[in-house]
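**Q** Quick note: to get the working numbering, add 30 to the position in the sequence shown (first position is 1).
Here a beta-carbon is modelled for each residue, glycine too, at the ideal position from N, C-alpha and C.
All values derive from a computational prediction rather than experimental measurement.
Following this message is one structure expressed as structure tokens.
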Amino acid sequence: MTAAEQVVHETGLAPLPLRVLVKGASPAHWISWMDGPREDLAYPRVTEQELLAAGHPARVRDLSVTSERARTGLKNWQRQVFNFSPDVVVLNYGLFEAVHQFLPQPLERYANSLISRPGSVRDAYRKRVVRPTWVALAKGQQRLDGVLPATMFRHRPRRFAADMELLIQRIQMVQSPLVLVLEVSPPGETWRSWFPGIAERISETNEVLAEVVRRIDRPDVRYFPTSTALAGLVDAGEDIVPDGGHYTPAAHRALGAALAAEILAWSEQQPLLRRR
31 MTAAEQVVHE TGLAPLPLRV LVKGASPAHW ISWMDGPRED LAYPRVTEQE
81 LLAAGHPARV RDLSVTSERA RTGLKNWQRQ VFNFSPDVVV LNYGLFEAVH
131 QFLPQPLERY ANSLISRPGS VRDAYRKRVV RPTWVALAKG QQRLDGVLPA
181 TMFRHRPRRF AADMELLIQR IQMVQSPLVL VLEVSPPGET WRSWFPGIAE
231 RISETNEVLA EVVRRIDRPD VRYFPTSTAL AGLVDAGEDI VPDGGHYTPA
281 AHRALGAALA AEILAWSEQQ PLLRRR
């Protein structure tokens, strides 16, 4: 009997509820397209629903932020992970890193911010200065991307890999949670048109993520193939990312259910979490 099993046996305590933390960028919370009904849940909420339906008390906390990069996830991990002490951490990084080849990513977030304050001067500034400037730069980027190699900056994948590896290692310091590193889904037609070369950059990103997991080489750090979870929808001819980069409600549901199944199977091997 392990120490954890002995604690449960001797104290008669019920298994702890599962705590799942989701970190990353907009694919973890944005639905393509937004403004849908209340039933359109993003995959973290679907995962929670599936865990509860399986009879396992669970709490899923989604702290993903639009356009968040792995380097930002490395900066904010302490206040997110230490305070929650999750059993499972789902990492959904890599899409935003693959969007642009030249344009500064902070400029992308600024131009498309969802938290800008209202006001006549601010509204006029964003409408007449920020938006036209961004559109002009984005069109220039589009033309450049169309003629230059898609993955010409070799330092970016190396930097991304280093950030992800350190982030995972530090998360593992907090009671060794299961860490699921999500494969980034291929872009839809809209994003392939807006951002030529993004498909190649996402493919490279996934190779980096898989290699980071192999290099860490721990049983509780796993590369999670979203392509497998969504294969049924793709085979049926559904466009899972109609806006180019974000999942449909059906894709969110399929991905959330697949994550819940992976988490439940893992939890049955954990004495403090195992269902009675």
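(1) Quick one: give me the first and last residue of the beta strand (DSSP E) that Phe254 is part of.
(2) Per DSSP, what kind of secondary structure is Val159 in: helix, strand or coil?
(3) Report yes if the CB atom of Asp175 is closer than 8 Å to the CB atom of Phe126, and no otherwise.
(4) Just to confirm my understanding: we take Ser56, look at its own chain, exclude 5 residues before and 5 after, and list those with CB closer than 6 Å. What are they?
(5) Buried or exposed: where does Phe382 fall if 16 or more other Cβ atoms within 10 Å of its Cβ makes it buried?
(6) Using the C-alpha atoms, what's the distance from Ser115 back to Val37?
(7) To which residues of the same chain is Asn236 closer than 8 Å at the C-beta, ignoring the five residues directly before and after it?
(8) In the DSSP assignment, find the unbroken beta strand (DSSP E) run with Ala88 in it and report its ends.
(9) Helix, strand or coil, according to DSSP, for Gly286 in the structure here?
(10) Have a look at Gln199 and Trp164 and give me their C-alpha separation to the nearest angstrom.
(11) So which of Tyr73, Met64, Thr258, Glu80 has the shortest CA-CA distance to Leu294?
(12) Return the CA-CA distance between Thr41 and Leu302, expressed in angstroms with no decimal places.
(13) Any beta-carbon of chain D closer than 8 Å to the one on Met64?
(14) Indicate whether Val111 and Val204 have their beta-carbon atoms separated by less than 8 Å.
(15) Using the Cα positions of Asp92 and Val151, report the straight-line distance between them to the nearest angstrom.
(16) If we require 4 or more residues per run, which alpha helix (DSSP H) segments fall completely within the region 184-213?
(17) Enumerate, from N- to C-terminal direction, the unbroken beta strand (DSSP E) stretches of 3 or more residues contained entirely within the region 53-113.
(18) Considering only the beta carbon of each residue, do Leu208 and Trp63 sit closer than 8 Å?
(19) Going by beta carbon distance, what residues of the same chain come within less than 8 Å of Arg89, once the five residues before and after it are set aside?
(20) Which stretch, first to last residue, makes up the alpha helix (DSSP H) that contains Asn142?
(21) For Phe254 and Tyr155, what's the separation of their Cα atoms in angstroms?
**A** So, from the listed chains and residues:
(1) For the purposes of this step, residue 254 is taken as residue 224 along the sequence shown, with counting starting at 1. Segment 251-254, the beta strand (DSSP E) holding Phe254.
(2) In the sequence shown, residue 159 corresponds to position 129, counting from 1. Reduced to three states, the DSSP call for Val159 is helix.
(3) Taking the first residue of the sequence shown as position 1, residue 175 is located at position 145. Taking the first residue of the sequence shown as position 1, residue 126 is located at position 96. Contact flag unset, no.
(4) Translated into positions along the sequence shown, residue 56 becomes position 26. Hits under 6 Å: Thr96.
(5) The question about residue 382 has no answer, for the chain in this structure spans 31 to 306.
(6) Taking the sequence shown and counting its residues from 1, one reaches residue 37 at position 7. Taking the sequence shown and counting its residues from 1, one reaches residue 115 at position 85. With a pLDDT of 49 at Val37, under the threshold of 50, the modelled position of this residue cannot be trusted; read the value that follows with caution. Near 19 Å, if we compare the C-alpha coordinates of Ser115 and Val37.
(7) On the sequence shown, residue 236 is found 206 positions in, with the first residue counted as 1. Here the set comprises Gly124, Glu213, Val214.
(8) Mapped onto the sequence shown, residue 88 falls at position 58. Ala88 -> beta strand (DSSP E) spans 88-92.
(9) Counting from 1 along the sequence shown, the entry for residue 286 is found at position 256. Three-state DSSP puts Gly286 in a helix.
(10) Within the sequence shown, residue 199 is the residue found at index 169, counting from 1. Within the sequence shown, residue 164 is the residue found at index 134, counting from 1. Rounded to the nearest angstrom, the two C-alpha atoms are 37 Å apart.
(11) Indexing the sequence shown from 1 puts residue 294 at position 264. The residue with the shortest Cα to Cα distance from Leu294 is Glu80.
(12) Locating residue 41 in the sequence shown gives position 11, counting from the first residue. Locating residue 302 in the sequence shown gives position 272, counting from the first residue. With a pLDDT of 47 at Thr41, under the threshold of 50, the predicted position of this residue should be treated as unreliable, though the coordinate-derived value follows. Answer to the nearest angstrom: the Cα atoms are 12 Å apart.
(13) Although the question refers to chain D, the structure presented lacks it and comprises just one protein chain.
(14) Residue 111 sits at position 81 when you count from the first residue of the sequence shown. Residue 204 sits at position 174 when you count from the first residue of the sequence shown. In this structure, Val111 lies near Val204, with their beta-carbon atoms less than 8 Å apart.
(15) Residue numbering aside, residue 92 sits at position 62 when the sequence shown is read from its first letter. Residue numbering aside, residue 151 sits at position 121 when the sequence shown is read from its first letter. Their backbone Cα atoms lie some 34 Å apart in a straight line.
(16) 185-202
(17) 88-92
(18) On the sequence shown, position 178 is the one that residue 208 refers to. On the sequence shown, position 33 is the one that residue 63 refers to. In this structure, Leu208 lies away from Trp63, with their beta-carbon atoms at least 8 Å apart.
(19) Taking the sequence shown and counting its residues from 1, the one referred to as residue 89 is at position 59. Contacts found: Pro47, Leu48, Arg49, Val50, Glu78.
(20) For the purposes of this step, residue 142 is taken as residue 112 along the sequence shown, with counting starting at 1. Where Asn142 is concerned, there is no enclosing alpha helix (DSSP H), given that its DSSP letter is neither H nor E.
(21) Stepping through the sequence shown from its first residue, residue 254 is reached at position 224. Stepping through the sequence shown from its first residue, residue 155 is reached at position 125. Spanning the two alpha carbons is a distance of roughly 43 Å.
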